[in-house]
Amino acid sequence: MGKRLIIASGNRGKIREIKDIYKDLDLEIFGMNELLEKEVDIVEDGESLEDNAKIKALFLKNIFPEDIILADDTGLFVDALPLELGVRTARFAGDNCSEKDNRDKLLKELLGKDNRSATFRTVIAIYSNGEIYLSKGEVLGRIAEEEIGENGFGYDKLFIANESGKTFASMDLSEKDQISHRKRALENAKKILKELI
1 MGKRLIIASG NRGKIREIKD IYKDLDLEIF GMNELLEKEV DIVEDGESLE
51 DNAKIKALFL KNIFPEDIIL ADDTGLFVDA LPLELGVRTA RFAGDNCSEK
101 DNRDKLLKEL LGKDNRSATF RTVIAIYSNG EIYLSKGEVL GRIAEEEIGE
151 NGFGYDKLFI ANESGKTFAS MDLSEKDQIS HRKRALENAK KILKELI
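Take a look at the structure:
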């Protein structure tokens, strides 16, 4: 095997998705908690997705300076709630809320609103050899009026991608990978990783 890629996340669904997309690269891929003695929660207090991705990458590079670090931040941007989600997407319903709490709050906030347009954006920061490289991806869609589907995580049960007309949670992983914001950002990042390995 080649170099190690450490993913700055403890989210098992996200790690599984990344490992699947990068399975053809000559990298040993680990979620950070697979290698750390105790689980850590990196404080994401940046003003933008880019800031938060960089914060996470730099945090881990201090622990794993010889490895390639991949960190991301994803935000759901809802047109009818322009200042509500974004960098706060994971904490929309509060600091210690569940994914279900977030989805329930979003449905409540959009109740009776006609404009349900939304954009999912992912920014990836890759740290290697003293440099940070950024990659981005997004997908346009709208928020469903109720949860639909059983797959995925986060807001997948509510986000209907314009390209498919289905929620991410009602798609299988390979179908979601074809159009997801994270997949687009990861594919762009893959070009960077190929240069680094």
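The sequence shown begins at 1 in full-length UniProt numbering and counts up by one.
Each residue gets a CB set at the ideal place from its N, CA and C atoms; glycine is no exception.
1. Quick one: using the 10 Å Cβ neighbour count with 16 as the cut-off for buried, is D67 buried or exposed?
2. DSSP three-state label for D20, please.
3. Give the DSSP-derived three-state secondary structure of E191 in the structure shown.
4. For D72, which residues does DSSP report across the bridge?
5. Looking only at its own chain, which residues have a Cβ that is under 6 Å from the Cβ of F168, when we skip the five neighbours before and after it?
6. Per DSSP, T119 is paired with what?
7. Identify, in the order they occur along the chain, each residue of the same chain with its Cβ nearer than 6 Å to the Cβ of G154, setting aside the five sequence neighbours on each side.
8. Among G137, G165, P82, which has the Cα closest to the Cα of R184?
9. Kindly indicate which three-state DSSP category F168 falls into: helix, strand or coil?
10. Cβ of V43 within 9 Å of Cβ of M32?
Taking the geometry as given:
1. buried
2. helix
3. The residue you asked about is not Glu; residue 191 is Lys in the sequence shown. In this structure, K191 counts as helix in the three-state DSSP scheme.
4. I124
5. G152, D156, F159, K176
6. F77, L140
7. E99
8. G137
9. helix
10. no
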